[in-house]
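Peer 1: Please read through the structure below; I'll follow up with questions.
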Amino acid sequence: MNDPLIQIKNISKTFEGGKLALDNVSLSVSQGGFITIIGPSGCGKTTLLRTINRMTDFDSGSMKIMDKEIALWDRPLLRRNIGYVIQNAGLFPHLTVRENIQFVMSISGMDKELREVRTLELAAMIEFNKAQLDEYPDNLSGGQQQRVGIARALTMKPQIVIMDEPLGSLDNITRRKLQAELKQIHADSGTTMLMVTHDLKEAFSLGTEVVIMNNGKILQKDKPEVILKQPADEWIREFVSAF
Amino acid sequence: MKMLVLNSFEDLFETVFERRVYLFELLVQHFVLSLTAVILIVVIGVGIGISLLRYRGIRQVVLGIVNFLYTIPSIAMFGLFIPLVGIGFVNALVVLVIYGLLPMIRSTYTGLSEVNPHLIDAAKGMGATPSQVFFRVRWPLGFPTILSGFRTMVVMTIALAGLASFIGAGGLGQAIYRGINTNNSNLILAGSISVALLALVTDIIIGFFEKLIRNKKFRASRYRRIILSAALFLLFIPVLLIVFNRERVKDSRTDVIVVATKPTSEQYILGEIISRLIESNTKLQVKRVFGIGGGTSNIHPGMLSGEIDIYPEYTGTAWLFVLKKKKISDPDSLFTSLQRMYNEEYGLTWVARFGFNNTYTLVLPEATAERDDIESISDLSSKSKQFTFGAEFDFFEREDGFHGLSELYSLKFNTLVELDINLKFNALENKTVDVINAFSTDSRIKQMNLRTLRDNKNYFSVYQAGIVVRQKTLEKYPELKKVLEKAGNTINDSTMTMLNYQVEILNKSPEEVAEAFLKSKGIIKQP
Chain A
758 MNDPLIQIKN ISKTFEGGKL ALDNVSLSVS QGGFITIIGP SGCGKTTLLR
808 TINRMTDFDS GSMKIMDKEI ALWDRPLLRR NIGYVIQNAG LFPHLTVREN
858 IQFVMSISGM DKELREVRTL ELAAMIEFNK AQLDEYPDNL SGGQQQRVGI
908 ARALTMKPQI VIMDEPLGSL DNITRRKLQA ELKQIHADSG TTMLMVTHDL
958 KEAFSLGTEV VIMNNGKILQ KDKPEVILKQ PADEWIREFV SAF
Chain F
379 MKMLVLNSFE DLFETVFERR VYLFELLVQH FVLSLTAVIL IVVIGVGIGI
429 SLLRYRGIRQ VVLGIVNFLY TIPSIAMFGL FIPLVGIGFV NALVVLVIYG
479 LLPMIRSTYT GLSEVNPHLI DAAKGMGATP SQVFFRVRWP LGFPTILSGF
529 RTMVVMTIAL AGLASFIGAG GLGQAIYRGI NTNNSNLILA GSISVALLAL
579 VTDIIIGFFE KLIRNKKFRA SRYRRIILSA ALFLLFIPVL LIVFNRERVK
629 DSRTDVIVVA TKPTSEQYIL GEIISRLIES NTKLQVKRVF GIGGGTSNIH
679 PGMLSGEIDI YPEYTGTAWL FVLKKKKISD PDSLFTSLQR MYNEEYGLTW
729 VARFGFNNTY TLVLPEATAE RDDIESISDL SSKSKQFTFG AEFDFFERED
779 GFHGLSELYS LKFNTLVELD INLKFNALEN KTVDVINAFS TDSRIKQMNL
829 RTLRDNKNYF SVYQAGIVVR QKTLEKYPEL KKVLEKAGNT INDSTMTMLN
879 YQVEILNKSP EEVAEAFLKS KGIIKQP
């Protein structure tokens, strides 16, 4: 089990219109880590995240997910095995909290009783009672919505969860609370997490490792305290100085 | 058009009650036509709407075409399809579907394409397959928009189906149309209110289902699917009935004679006389497609294509308008030539003439005519100096109108007054004018006790009503000829005026007027 869960080698991606989003990026993520990816807007962090569940295809380079070439993964199957959390939770407004949480299980054709058992486990985790499971997302606060979003990503007990600025639109207090909860969930579940954020504090307090990106390149990947002590270059020193 | 007299509600209810069988039949036709159209529109429109989502490149082209079709006036559209699909149900269906497509395609495309892209992204990112993304996220989220487009489309279709009677497809519009053509305001009201009610009730029912679907408790209910399926099934019962019914008609189709008429009271009466004659003397069934909009220009092609077997026509119209020949003054030689030319050119036979001549004539109050001893237009000429003459603009302008008439008969009226065609009888009544032009079988001649002057110099073209039948129909059912000939020479000018009077002024139905007439002549037996 020492093989890295995600192995990215020299991938590049140019978008239509010629913008170079990823420039020869390599990254390896081993099991159990909480990787936070940070950098200025347009640095390629979201694109990098989306190559992992094949929402975006890279042009060159190679990637292995759970020891399998990414191109060999069936897209839906790969995605069902990777939890996905997006900004503003992205809950389906026509489905109840329960149906939202069960979405992946339902499209995977999981047995109804198993679904319900798992839903109750997750509800307990995010401290939702049974009545709340029948609510529609519109009736929930932003923080509650994102809790459901996180629970929804964990339904299949995935080995990997990727999160694209999951707490980006929440107020500060809620945000701090959810950060703590996320840390707890990570510790309890042992799931490998990758999170894109633009909040330095979040990146350094949550990440077991922090990835710093700029202009489509990974500039440094290290434990947070190492980056703070030994920034790889002047730009990084400048960038993290706000912390 | 004649002046409409708004009657009391009691009158209206009486009309509705008396004609309840007729109105109910029309309501069923209307419902069936609208429902069939709606189902087709949903299938085609939603299908196209979804494909536009996939092939965005063709979107502008498709929406452009649909938009263009939408701008064609509906009456023109009905006419446009006559050469392709003939008259009747299919024609109406095609037109309704074409009009309904725009709102359906639009709302489907808009509803589906405007679903928040983040949600689509979320669904994909969680591993939904393309069809799961569509059915679990895109469709349910776009559905409210689609449903509101659907609602608009349904109400529009029901309203538009009111025009279907124009091309012989029946429906409640027939009551309106017939009411207009026979000066029966109660019938117009009954038809209009029924269409409005049908549209309203349907809208309310759809609205109810819309609310039900959105209701969270209902959505959570396990009976949801059962209730919706049951509702859908109920909706389809009429469709099944119709399919069954149409099959039945098809089976016996060989024995059905289609009788058509133009949209005038006189034609309704003649059509009814023809139909009753056939029904009571043969084993054939009659399908009545009365009041075809556009008259001869739409019926004649139907005769040629075999969709219509029989219709009443005027010799002058056939000669001058259909064959486009020069005027022949003598009625009998006109009829002989017409019979020959119709046989040779169209394979149509003029079986008989009813006997009356519905052409232009001059009319004046009986009292004046009596006082001055005027019977023919020639009698009028010496006295014309003391009279004021009124006619519509058209009569003064047309080639066979006033100019030639006054020259031939040397008429020198005191004053000439140009009047609206609807008001000239009123003008005569209040003595603004003394003499007007009129059609010789106009019901108001009888109502106002007017005298029609004999055209002793045969100035006006002859418009004798006769029965035109397809030769093929006559060959197939040889018994028809003898039956139809029974109507020959049974109606003179004043009888026809009298029959028109009963329909237009006394508001009797053409059916009862025709029946009473045939019985009084002993052509059909008393029950």
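So the protein sequences, as listed, match chains A and F. Going by this note's numbering, the first sequence runs without a break in its numbering and finishes at 1000. Going by this note's numbering, the second sequence runs without a break in its numbering and finishes at 905. Every residue gets a Cβ at the ideal spot worked out from N, C-alpha and C, and that includes glycine.
#1: When you compare only the Cα positions, how much space is there between residue 774 of chain F and residue 817 of chain F?
#2: Whole angstroms is fine: what's the gap from residue 544 of chain F's alpha carbon to residue 564 of chain F's?
#3: Assuming residue 820 of chain F and residue 875 of chain F are in contact, meaning their beta carbons sit under 8 Å apart, how far apart are those beta carbons, in whole angstroms?
#4: Just the C-alpha distance for residue 744 of chain F and residue 813 of chain F, rounded to the nearest angstrom, thanks.
#5: Would residue 415 of chain F and residue 471 of chain F be called neighbours here (beta carbons separated by less than 9 Å)?
#6: Residue 943 of chain A: buried (16+ other C-beta within 10 angstroms of its C-beta) or exposed?
#7: Using a Cβ-Cβ cutoff of less than 7 Å, which residues in the same chain neighbour residue 631 of chain F once the five nearest sequence positions on both sides are dropped?
#8: Can you find a C-beta in chain A that's less than 9 Å from the C-beta of residue 440 of chain F?
#9: Here's the rule I'm using: 16 or more other beta-carbon atoms within 10 Å means buried, otherwise exposed. How should residue 849 of chain F be labelled?
#10: Please name the residue or residues paired with residue 692 of chain F in a DSSP beta bridge.
#11: Who are the Cβ neighbours of residue 663 of chain F in its own chain at under 8 Å, not counting the five residues just before and after it?
#12: Assign residue 613 of chain F to buried or exposed, taking buried as 16 or more other Cβ atoms, counted over all protein chains shown, within 10 Å of its Cβ.
#13: State the beta-bridge partners of residue 841 of chain A as determined by DSSP.
#14: For residue 663 of chain F, decide whether its Cβ has a neighbour in chain A, counting only Cβ atoms nearer than 9 Å.
#15: Residue 501 of chain F CB to nearest chain B CB: under 9 Å?
#16: With DSSP collapsed to three states, give me the class of residue 671 of chain F.
#17: Looking only at its own chain, which residues have a Cβ that is under 7 Å from the Cβ of residue 964 of chain A, when we skip the five neighbours before and after it?
#18: Can you tell which of F/596, F/731, F/402 and F/676 has the C-alpha that lies nearest to the C-alpha of residue 692 of chain F?
#19: Measuring CA to CA, which of F/780, F/800, F/560 and F/726 is closest to residue 878 of chain F?
#20: Using 8 Å as the threshold, is the segment 757-776 of chain F in touch with the segment 794-809 of chain F, meaning 3 or more CB pairs across them?
#21: DSSP state of residue 981 of chain A, grouped into three classes?
#22: Based on Cα-Cα distance, which residue from F/687, F/555 and F/888 lies nearest to residue 567 of chain F?
#23: With 8 Å as the limit, tell me which residues of the segment 501-525 of chain F have their beta carbon closer than that to any beta carbon of chain A; keep them in chain order.
#24: For the segment 479-503 of chain F, enumerate the residues whose C-beta is nearer than 9 Å to any C-beta of chain A, in chain order.
#25: Run through chain F and tell me which residues come within less than 8 Å of residue 886 of chain A, C-beta to C-beta.
#26: What are the residues in the segment 799-812 of chain A lying within 7 Å of chain F by C-beta distance?
#27: I'd like to check one pair, residue 550 of chain F with residue 405 of chain F: are the Cβ atoms closer than 9 Å?
#28: My parser needs the beta strand (DSSP E) runs of 3 or more residues fully inside the segment 685-729 of chain F; what are they?
#29: Assuming residue 478 of chain F and residue 531 of chain F are in contact, meaning their beta carbons sit under 8 Å apart, how far apart are those beta carbons, in whole angstroms?
#30: Residue 891 of chain F lies in the alpha helix (DSSP H); which residues open and close that run?
#31: Using 8 Å as the cut-off, can you tell me whether the segment 495-512 of chain F makes contact with the segment 850-864 of chain A, which would need three or more C-beta pairs spanning the two stretches below that distance?
#32: Just the Cα atoms here: how many angstroms apart are residue 380 of chain F and residue 721 of chain F?
#33: Taking Cβ-Cβ distances shorter than 9 Å, what residues in chain A pair up with residue 594 of chain F?
#34: At least one CB of chain F closer than 9 Å to the CB of residue 772 of chain A: is that the case?
#35: Is residue 396 of chain F helix, strand or coil by DSSP?
#36: Report yes if the C-beta distance between residue 795 of chain A and residue 763 of chain A is below 9 Å; otherwise report no.
Peer 2: Taking the structure as given:
#1: C-alpha separation (whole angstroms): 15 Å.
#2: The alpha-carbon atoms of residue 544 of chain F and residue 564 of chain F are separated by roughly 19 Å.
#3: Contact annotation, residue 820 of chain F with residue 875 of chain F: C-beta distance approximately 7 Å; criterion of less than 8 Å satisfied.
#4: A direct Cα-to-Cα measurement between residue 744 of chain F and residue 813 of chain F gives close to 11 Å.
#5: Taking 9 Å as the cut-off, the beta carbon of residue 415 of chain F is found closer than this to the beta carbon of residue 471 of chain F.
#6: That one is buried.
#7: In this predicted model, residue 631 of chain F has a pLDDT of only 49, less than 50, meaning its place in the structure is not dependable enough to derive any value.
#8: When Cβ-Cβ separations below 9 Å define contact, residue 440 of chain F makes no contact with chain A.
#9: By the neighbour-count rule (16 or more Cβ atoms within 10 Å), residue 849 of chain F is not buried but exposed.
#10: Answer is F/843, bridged to residue 692 of chain F.
#11: The answer, listed in chain order, is 630, 633, 634, 635 and 657.
#12: Exposed.
#13: Its beta-bridge partners are A/919.
#14: In terms of beta-carbon proximity, residue 663 of chain F stays away from the interface with chain A, with every pair separated by 9 Å or more.
#15: No chain B appears in the structure shown, which is made up of the protein chains A and F.
#16: In the three-state reduction of the DSSP assignment, residue 671 of chain F falls in the coil class.
#17: Correct list, in chain order: 791, 792, 793 and 981.
#18: The residue with the shortest Cα to Cα distance from residue 692 of chain F is F/731.
#19: Among F/780, F/800, F/560 and F/726, the Cα nearest to that of residue 878 of chain F belongs to F/560.
#20: Output reads yes: the segment 794-809 of chain F touches the segment 757-776 of chain F.
#21: Residue 981 of chain A carries a helical assignment under DSSP once its states are collapsed to helix, strand and coil.
#22: Cα-wise, what sits closest to residue 567 of chain F is F/555.
#23: In summary, the residues of the segment 501-525 of chain F whose CB is separated from some CB of chain A by less than 8 Å are 501, 502, 503, 504, 505, 506, 507, 510, 514, 515, 518 and 519, in the order they occur in the chain.
#24: Look at the segment 479-503 of chain F: the residues with a C-beta under 9 Å from a C-beta of chain A are 494, 496, 497, 499, 500, 501, 502 and 503.
#25: Result: empty, since nearest Cβ-Cβ is about 17 Å, beyond 8 Å.
#26: Of all residues in the segment 799-812 of chain A, 810 and 812 have a Cβ within less than 7 Å of some Cβ in chain F.
#27: Against a cut-off of 9 Å, the Cβ pair of residue 550 of chain F and residue 405 of chain F comes out as a contact.
#28: With a minimum length of 3 residues, the unbroken runs of beta strand (DSSP E) contained wholly in the segment 685-729 of chain F fall at 688-692.
#29: So it is a contact: roughly 5 Å between Cβ atoms.
#30: First-last of the alpha helix (DSSP H) with residue 891 of chain F: 888-898.
#31: Segment contact: the segment 495-512 of chain F against the segment 850-864 of chain A, three or more CB-CB distances shorter than 8 Å; contact assigned.
#32: At residue 380 of chain F the pLDDT is 41, less than 50, meaning the model places this residue with poor confidence; the figure from the coordinates comes in the next sentence. In this structure, the CA atom of residue 380 of chain F is about 37 Å from the CA atom of residue 721 of chain F.
#33: What residue 594 of chain F touches in chain A: 853, 891 and 893.
#34: Not a single C-beta of chain F is nearer than 9 Å to the C-beta of residue 772 of chain A.
#35: Of the three classes helix, strand and coil, the one that applies to residue 396 of chain F here is helix, per DSSP.
#36: Their beta carbons are not under 9 Å apart, which means residue 795 of chain A does not touch residue 763 of chain A by this criterion.
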